[in-house]
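Engineer:
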Amino acid sequence: MLCEEHATELDVVNCDAFQEVLRRHLNDANAARNRFEQRGKARRFSQKTIRFLSTFSAYIDAYGGIVEVMRASGGEYGETAYKTLSILLVVAVNKQKRDDRISEVLEQLRKQYSRFKVLKEIHPTPEMKTSLAEAYKVGIDFARYATCYYLRSSLGRLWSVVVNPPSIFEETLTEIAAAMESIKDQSAILDSIRLYHVDQGVDEVQRTVVEMDIRHTKVEKEIRELQKSQWDAHLEKFRTRILPDHQSVTEAVNDYQLRLNATFDSHRQDPASRLPELQRSEAYQGWSRTQQSSFLLIRGEAICLTHFCWFSPLVLRLSQDFRHAGKAVAFHCCQVMDSNGKGDRFISMLNHLIFQILETMPSPLDSTFTKSIWRKMDGLQWGKEAELVLDVLAEIFLTLENVTLIIDRVDLMRGDWEECIYKFCRLASLREAGRCVVKVILVSSCVTNDWRSLKARIIGIVTEGQVFELHCSESDWQS
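What follows is the structure in structure tokens.
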């Protein structure tokens, strides 16, 4: 504790007075050291010197609060004098520490304040503004202290080190930490509130999306049903125009299937069971793998005592497999009865093919297409001129990527069947079919046809590598 005398002295001391006190006591210490050296032997400190050192130590402890200069008065006179003189150095060092401490606190404040602008923009609430204001107040108070400190002269700052305790730094940091903790708590609360609202918004958006998805699915279903209804109406309209006998294509195919079944019931092996054998043949493999329009010409024997070709069940099963696989396919048999007489007409064959292709369309065609083909069908010449029907078939090809056409017993077609089939095959040319790949299978009896003449004409339409031929009997495969 400071004695009353020294406490009174410190109450009125200023920078100049402090220097005078320090000089006077240091002079006393130097004088004591000189007397000690003159006497040539060691002496203890005088009581005055001891009182000074004790007073100065208490002075430094009370108002500097940084280092303990001396805790005892023992030691040689020279050592005491050295320690007394080193007080100036200690104070100077502490002054530098105080300068550094001020810089540290200011830097800490700067780091914390740099976050305030973001927090203020994120959470512009009255509570957050109040918390930020408290933190700013701490910074303003400390900034005022730092400003006053640096505006002083060097001696004034030196004196400030002695008379002002360093607790202002800890107090400032404590206050700013408390303010930041308040801001942190307030920010956490606001973040939780905002997150809650965001979660609520997300839930609402998700519910809206689900509802919209349900409505969209419902609308899509209704549109598909409407399109299907409209397309079914178009198909029925086309069917009555294309197939005036009102027999559906399905009924015609089923009738043919029944006749074939009746013919081959007593046969030792169902010809359709040999379809895999047909598909493994070199001719079929070449026809199937080519990426261009191609023709497979098949000749087969007729069953004994009948006029049905044993290849007919195979190609009928093949067309059914294609249809089940979702491919655009059409099948027609020109043989209408078990006889060697002439069968169906060329225009009838084309009509059946057209309607089957329309039925297997993957999606309804646009109104422009339907109007175009209907204008052709609705004319007086429809059903009389094969060229008009071929034009419609060619127009359909332009809407497809690929199509498979299987015509059984072309050799029984009425009229000049080779000429008719040649005209039909011209539709597979690149000029007529565009990008559509047209795969054609033609089946005839080896008794009535050898394909040589027609094959030569077809090769004139496409390249020889796009025409494949298969001739085989019931018991043997030859290609």
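All residue numbers for the sequence shown refer to the UniProt record's numbering, where the first residue is 1 and numbers rise by one.
We put the beta carbon where it would ideally sit given N, CA and C, even for glycine.
Look up Gly415 in the DSSP assignment and say whether it is helix, strand or coil.
Structural biologist: On the sequence shown, residue 415 is found 415 positions in, with the first residue counted as 1. It is coil, neither helix nor strand.
Engineer: Along the beta strand (DSSP E) that carries Thr250, what are the first and last residues, could you check?
Structural biologist: Position 250 of the sequence shown, counted from the start, is the residue given in the question as residue 250. Counting along the chain, Thr250 falls outside any beta strand (DSSP E), though it belongs to the alpha helix (DSSP H) covering Val249 to Phe264.
Engineer: Could you have a look at Gly78 and say whether DSSP puts it in helix, strand or coil?
Structural biologist: In the sequence shown, residue 78 corresponds to position 78, counting from 1. Because the pLDDT of Gly78 is 33, which lies under 50, any placement of that residue in the model is unreliable, and the question is left without a value.
Engineer: Buried or exposed for Thr404, going by 16 or more other Cβ atoms inside 10 Å?
Structural biologist: Here residue 404 corresponds to residue number 404 of the sequence shown, with the count starting at 1. Its Cβ being crowded by 16 or more others within 10 Å, Thr404 is buried.
Engineer: Look at the alpha carbon of Cys436 and the alpha carbon of Asp265, and state the distance between them as a whole number of angstroms.
Structural biologist: The residue you call residue 436 lines up with position 436 of the sequence shown. The residue you call residue 265 lines up with position 265 of the sequence shown. Cα-Cα distance, rounded: 39 Å.
Engineer: Output needed for Glu371: all residues of its chain with C-beta closer than 6 Å, excluding positions within five of it in sequence on either side, in chain order.
Structural biologist: Locating residue 371 in the sequence shown gives position 371, counting from the first residue. Here residue 371 turns out to be Lys, not Glu, going by the sequence shown. So no residue of the chain qualifies.
Engineer: State buried or exposed for Leu214, treating a residue as buried only when at least 16 other CB atoms are found within 10 Å of its CB.
Structural biologist: Position 214 of the sequence shown, counted from the first residue, corresponds to residue 214. The question names Leu, yet the displayed sequence has Ile at residue 214. Looking at its Cβ environment, which holds fewer than 16 other Cβ atoms inside 10 Å, Ile214 is exposed.
Engineer: Rounded to the nearest angstrom, what separates Glu359 and Asp416 at their Cα positions?
Structural biologist: As a position in the sequence shown, residue 359 is number 359, starting the count at 1. As a position in the sequence shown, residue 416 is number 416, starting the count at 1. So the two alpha carbons sit approximately 29 Å from each other.
Engineer: For Gly300, does the count of other Cβ atoms within 10 angstroms reach 16, so buried, or fall short, so exposed?
Structural biologist: Locating residue 300 in the sequence shown gives position 300, counting from the first residue. Buried, since its Cβ has 16 or more Cβ neighbours within 10 Å.
Engineer: How is Phe424 classed by DSSP in three states: helix, strand or coil?
Structural biologist: The residue you call residue 424 lines up with position 424 of the sequence shown. If DSSP states are grouped into helix, strand and coil, Phe424 belongs with the helices.
Engineer: Check for me: the alpha helix (DSSP H) holding Ala386 runs from which residue to which?
Structural biologist: As a first step, residue 386 must be located in the sequence shown, where it is residue number 386. Note, Ala386: alpha helix (DSSP H), Ala386 to Phe397.
Engineer: Let me make sure I understand the geometry here. Which of Phe331, Val389 and Phe295 has the alpha-carbon closest to that of Ala428?
Structural biologist: Translated into positions along the sequence shown, residue 428 becomes position 428. Ranking the options by Cα distance to Ala428, first place goes to Phe295.
Engineer: Distance cutoff 7 Å, beta carbons only. Does Ser445 sit that close to anything in chain C?
Structural biologist: The structure shown has no chain C; it contains just one protein chain.
Engineer: How many Å lie between Thr240 and Ile406 at the Cα?
Structural biologist: The count along the sequence shown starts at 1 and reaches residue 240 at position 240. The count along the sequence shown starts at 1 and reaches residue 406 at position 406. Answer to the nearest angstrom: the Cα atoms are 23 Å apart.
Engineer: Here's the rule: buried if 16 or more other CB atoms are within 10 angstroms of the residue's CB, otherwise exposed. What is His197?
Structural biologist: Within the sequence shown, numbered from 1, the residue matching residue 197 stands at position 197. The residue in question, His197, is exposed, as its Cβ has fewer than 16 Cβ neighbours within 10 Å.
Engineer: Contact check, Lys353 vs His332 under 8 Å by CB: the rounded distance?
Structural biologist: The residue you call residue 353 lines up with position 353 of the sequence shown. The residue you call residue 332 lines up with position 332 of the sequence shown. Position check: residue 353 holds Leu in this sequence, whereas Lys was assumed. Yes, Leu353 and His332 are in contact; Cβ-Cβ is about 6 Å, under 8 Å.
Engineer: By how many angstroms is the C-alpha of Asp203 removed from the C-alpha of Ile441?
Structural biologist: Taking the sequence shown and counting its residues from 1, one reaches residue 441 at position 441. Taking the sequence shown and counting its residues from 1, one reaches residue 203 at position 203. Rounded to whole angstroms, Ile441 to Asp203 spans 59 Å at the Cα level.
Engineer: Under 8 Å, with one C-beta from each stretch per pair, do the region 378–393 and the region 252–263 reach the 3-pair mark?
Structural biologist: Not touching, per the Cβ criterion.
Engineer: Are Ile421 and Val410 closer than 7 Å when you measure CB to CB?
Structural biologist: To locate residue 421, count along the sequence shown from 1; it is residue 421. To locate residue 410, count along the sequence shown from 1; it is residue 410. Yes, these two residues count as a Cβ contact at 7 Å.
Engineer: Assign Thr463 to one of three DSSP states: helix, strand, or coil.
Structural biologist: For the purposes of this step, residue 463 is taken as residue 463 along the sequence shown, with counting starting at 1. Coil, per DSSP.
Engineer: CA-CA distance, Asn351 and Thr208?
Structural biologist: Numbered from 1 along the sequence shown, position 351 holds the residue referred to as residue 351. Numbered from 1 along the sequence shown, position 208 holds the residue referred to as residue 208. The alpha-carbon atoms of Asn351 and Thr208 are separated by roughly 50 Å.
Engineer: What first and last residue would you give for the alpha helix (DSSP H) that runs through Val410?
Structural biologist: Counting from one through the sequence shown, the residue named residue 410 turns up at place 410. Element bounds for Val410: n/a, residue is neither H nor E.
Engineer: Cα separation between Ser444 and Ala272?
Structural biologist: Within the sequence shown, residue 444 is the residue found at index 444, counting from 1. Within the sequence shown, residue 272 is the residue found at index 272, counting from 1. Computed Cα separation, rounded: 16 Å.
Engineer: Is Lys439 helix, strand or coil when you go by DSSP?
Structural biologist: The sequence position of residue 439 within the sequence shown is 439, counting from 1. Three-state DSSP puts Lys439 in a strand.
Engineer: Going along the chain, which residues of its own chain have a beta-carbon closer than 8 Å to the beta-carbon of Val249, five neighbours each way excluded?
Structural biologist: On the sequence shown, residue 249 is found 249 positions in, with the first residue counted as 1. Around Val249: Leu243, His352, Phe355, Gln356 and Glu359.
Engineer: With 16 other CB atoms within 10 Å as the buried threshold, where does Ala252 fall?
Structural biologist: Taking the sequence shown and counting its residues from 1, one reaches residue 252 at position 252. It is buried - the Cβ of Ala252 has at least 16 other Cβ atoms within 10 Å.
Engineer: Expressed to the nearest angstrom, what Euclidean distance is found between the alpha-carbon atoms of Ser229 and Glu236?
Structural biologist: Here residue 229 refers to the residue found at position 229 when the sequence shown is read from its first residue. Here residue 236 refers to the residue found at position 236 when the sequence shown is read from its first residue. About 11 Å.
Engineer: Output yes or no for whether 7 Å exceeds the beta carbon distance between Trp287 and Phe468.
Structural biologist: The sequence position of residue 287 within the sequence shown is 287, counting from 1. The sequence position of residue 468 within the sequence shown is 468, counting from 1. The answer is yes: Cβ separation under 7 Å.
Engineer: Just curious, the alpha helix (DSSP H) that Gly286 is in, first and last residue?
Structural biologist: Counted from its first residue, the sequence shown places residue 286 at position 286. Gly286 -> alpha helix (DSSP H) spans Glu282 to Arg289.
Engineer: Per DSSP, what kind of secondary structure is Ala328 in: helix, strand or coil?
Structural biologist: Numbered from its first residue, the sequence shown carries residue 328 at position 328. If DSSP states are grouped into helix, strand and coil, Ala328 belongs with coil.
Engineer: Is Gly326 near Gln335, with beta carbons less than 7 Å apart?
Structural biologist: What you label residue 326 is simply residue 326 of the sequence shown in a count that begins at 1. What you label residue 335 is simply residue 335 of the sequence shown in a count that begins at 1. Going by C-beta atoms, Gly326 is not nearer than 7 Å to Gln335.
Engineer: Looking at C-alpha atoms only, which residue of Val210, Gln279 and Thr368 is the closest neighbour of Val315?
Structural biologist: By one-based count along the sequence shown, residue 315 stands at place 315. Closest by alpha carbon: Gln279.
Engineer: Give me, in chain order, the residues of the same chain whose beta-carbon lies closer than 8 Å to that of Phe369; leave out the 5 immediate sequence neighbours on both sides.
Structural biologist: In the sequence shown, the residue the question calls residue 369 occupies position 369. So the list reads Glu395 and Thr399, once near-sequence residues are dropped.
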